[in-house]
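Below: the structure, in structure tokens.
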Amino acid sequence: MIIYVLLAAATVLTIVIWARLRTAFRLFHLPQMPPDTSAKEDSLPSVSLCIPARDETHAMTNCLEEALLSRYPKLEIIVLDDGSRDNTSNLIKSFAHSGVRFVEGSKLPHGWLGKNHALEGLLREASGTYILFADVDTRLSQNSISQMVEYVQANDVDMLSVLPLRHKANRASALLATLRHFWNIVGHTVSSPAVASNAWMIKRSIMTETFNGFRNVAMDVRPEKAIARKVGKDGRYRFVISTPQLGVWYEKKLSSQFETAQRIYYPDFGLSGVVLRIVGLLCMLSPYVLVVVTLAQLAIIPAFLSVIIVILISLLNNWYLGVLRTNTSWMAAVILPYILVREMYLLAASVYVYKRGVIVWKGRPVRLDR
247 MIIYVLLAAA TVLTIVIWAR LRTAFRLFHL PQMPPDTSAK EDSLPSVSLC
297 IPARDETHAM TNCLEEALLS RYPKLEIIVL DDGSRDNTSN LIKSFAHSGV
347 RFVEGSKLPH GWLGKNHALE GLLREASGTY ILFADVDTRL SQNSISQMVE
397 YVQANDVDML SVLPLRHKAN RASALLATLR HFWNIVGHTV SSPAVASNAW
447 MIKRSIMTET FNGFRNVAMD VRPEKAIARK VGKDGRYRFV ISTPQLGVWY
497 EKKLSSQFET AQRIYYPDFG LSGVVLRIVG LLCMLSPYVL VVVTLAQLAI
547 IPAFLSVIIV ILISLLNNWY LGVLRTNTSW MAAVILPYIL VREMYLLAAS
597 VYVYKRGVIV WKGRPVRLDR
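All residue numbers for the sequence shown refer to our numbering, where the first residue is 247 and numbers rise by one.
Shown next as structure tokens:
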């Protein structure tokens, strides 16, 4: 009896996830917009591309090389070195002749998280009508900024967050990626909107006049989410999934993905949310376990049903990954049980490190402001 209960629960959950994803993908779909060739350069708003960096030797050069290829005419690029302990600072300075402005971060004051303070420093230096905050592992195509500006103006929004596509999807960092973006998409609500820290654009006047910079979210692990929540109350926030046409990509090391997951899961979901997600993952994992158990017991009907549900889950997973332009090969089905188990560990680990007060991000302790 318990076998059929588990299979029924997994089936229902699969259908619910499919429905949530289907709704989300429609909501976050970025319509194709033909380039606006009629807009004159003088009428375009200025944009400040602001990039906080700390210990980013591995990615800094590629990030700036691709950012400098942007065709947006009224663009300034500002990079703040947030006390890097490697050669990041010198790498940034080497791009000064190309127009990249280097800002040396100040000492981290009490009551601030490191990245939030870096974002505040970038905000003070920026002069653009819009600010595009981007991580070092974000890759922008030549027309990305132009299309983002066109979108926010066409839709009359104050803030736009873009979920990047996976860059070089055949790498282990893509094949074995965490479910951070999955939780982001399926968990979207008005009170807890989906938002991506990789690339988000906002009017500078909104940040300086309405929010007083980042001071009110100085200790928020995900300041962009708190800001999106407030902007979204007036219907002036949008979240979109990038497309090859928009050309916003990212490439994040697997170890960095694990660190990010542990840093944001517990603050984002709370204890009850973490427990609920672990239960859901166990439910989705159960058909895989039951395939082995029922075949070992020669229970033909339960084994057949388990296989059918495993196939449905695999199809759902491949569809989801296909929309994000990541891994859609047969490998996705093979490694999914491992991904589910590892995600349960990351969720539990996030609670553990915060409860023990041992969470560290890039050499700095993180305290949860709850």
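No residue lacks a Cβ here, since even glycine has one placed at the ideal position from N, Cα and C.
(message) For a quick check, are the C-beta atoms of glycine 493 and serine 390 less than 8 Å apart?
(response) yes
(message) Between which two residues does the alpha helix (DSSP H) holding lysine 521 run?
(response) Position check: residue 521 holds valine in this sequence, whereas lysine was assumed. 500-542 is the extent of the alpha helix (DSSP H) around valine 521.
(message) Within the continuous beta strand (DSSP E) that includes lysine 353, where are the two ends?
(response) Per DSSP, lysine 353 belongs to no beta strand (DSSP E) and is neither H nor E.
(request) Determine the DSSP secondary structure at serine 419, reduced to helix, strand or coil. (result) helix
(message) Quick check on the burial criterion: 16 or more other C-beta atoms within 10 angstroms. Buried or exposed for serine 344?
(response) exposed
(message) Distance check for leucine 593 and arginine 602, CA to CA, integer angstroms please.
(response) 15 Å
(request) Determine which residues share a DSSP beta bridge with glutamate 322 and list them. (result) Ser294
(message) arginine 412 and alanine 420 - do their beta-carbons sit closer together than 8 Å?
(response) yes
(message) Considering only their Cβ atoms, is the gap separating tyrosine 376 from valine 349 smaller than 8 Å?
(response) Contact flag unset, no.
(request) List the whole-angstrom C-beta distance separating arginine 475 from proline 513, where the pair is believed to meet the contact cut-off of C-beta under 8 Å. (result) 14 Å between Cβ atoms; not a contact.
(message) Would leucine 551 and leucine 253 be called neighbours here (beta carbons separated by less than 8 Å)?
(response) yes
(request) Assign asparagine 333 to buried or exposed, taking buried as 16 or more other Cβ atoms, counted over all protein chains shown, within 10 Å of its Cβ. (result) exposed
(message) Within a Cβ cutoff of 6 Å, which residues of the same chain sit near alanine 380, ignoring the five residues on either side of it in sequence?
(response) Ile297 and Ala445
(message) So, for glycine 374: in the same chain, excluding its five sequence neighbours on each side, which residues have a beta-carbon less than 7 Å away from its beta-carbon?
(response) Ser292, Val293, Ser294, Glu322 and Arg450
(request) Return helix, strand or coil for lysine 479, following the three-state DSSP convention. (result) Three-state result, lysine 479: coil.
(request) List the endpoints of the continuous alpha helix (DSSP H) containing arginine 317. (result) Unbroken run through arginine 317: none, as it is neither H nor E.
(message) What would DSSP say about threonine 334, mapped onto helix, strand or coil?
(response) helix
(message) Going by DSSP, what residue range makes up the beta strand (DSSP E) through phenylalanine 271?
(response) No beta strand (DSSP E) contains phenylalanine 271, which is instead part of the alpha helix (DSSP H) from 248-273.
(message) By alpha-carbon positions, which one of His434, Asp301, Val251 and Ser316 ends up nearest to leucine 267?
(response) The shortest CA-to-CA distance from leucine 267 to any of His434, Asp301, Val251 and Ser316 is the one to His434.
(message) Assuming contact is defined by CB atoms lying nearer than 8 Å, are valine 467 and isoleucine 510 in contact in what I supplied?
(response) yes
(message) If you measure between the beta carbons of isoleucine 524 and leucine 422, is that distance less than 8 Å?
(response) no
(message) Along the chain, where does the alpha helix (DSSP H) containing lysine 601 start, and where does it finish?
(response) 577-602
(request) Specify the secondary structure class of leucine 558 as computed by DSSP and reduced to three states. (result) helix
(request) With distances taken Cα to Cα, identify the nearest neighbour of glutamine 399 among Gln503, Arg482, Arg610 and Arg272. (result) Arg482
(message) Taking the alpha carbon of aspartate 301 as the reference point, which residue from Ser289, Asp328, Pro277 and Ser316 has its own alpha carbon closest?
(response) Asp328
(request) Look up alanine 380 in the DSSP assignment and give the residues it is bridged to. (result) Ala445
(message) Mapping the DSSP letters down to three states, classify isoleucine 547 as helix, strand or coil.
(response) helix
(request) Locate the beta strand (DSSP E) running through valine 398, then write down its first and last residues. (result) Here valine 398 belongs to no beta strand (DSSP E); instead the alpha helix (DSSP H) covers 390-400.
(request) Would you kindly work out how many angstroms separate the C-alpha atoms of threonine 269 and methionine 247, rounded to a whole number? (result) Their backbone Cα atoms lie some 33 Å apart in a straight line.
(message) Less than 8 Å between the C-beta atoms of asparagine 362 and phenylalanine 504, yes or no?
(response) no
(message) Do leucine 406 and methionine 447 count as a contact pair if the criterion is CB distance below 8 Å?
(response) Their beta carbons are under 8 Å apart, which means methionine 447 touches leucine 406 by this criterion.
(request) Tell me whether threonine 570 is buried or exposed, calling it buried when 16 or more other Cβ atoms sit within 10 Å of its Cβ. (result) Note on identity: in this sequence residue 570 is leucine, with threonine being the wrong assignment. By the 10 Å Cβ count, leucine 570 comes out buried.
(request) Using three-state DSSP, classify tryptophan 495 as helix, strand or coil. (result) If DSSP states are grouped into helix, strand and coil, tryptophan 495 belongs with the strands.
(message) If the criterion is Cβ atoms closer than 8 Å, does the pair tyrosine 534 and proline 410 meet it?
(response) no
(request) Give me whichever residues DSSP pairs with arginine 484 in a beta bridge. (result) Leu406
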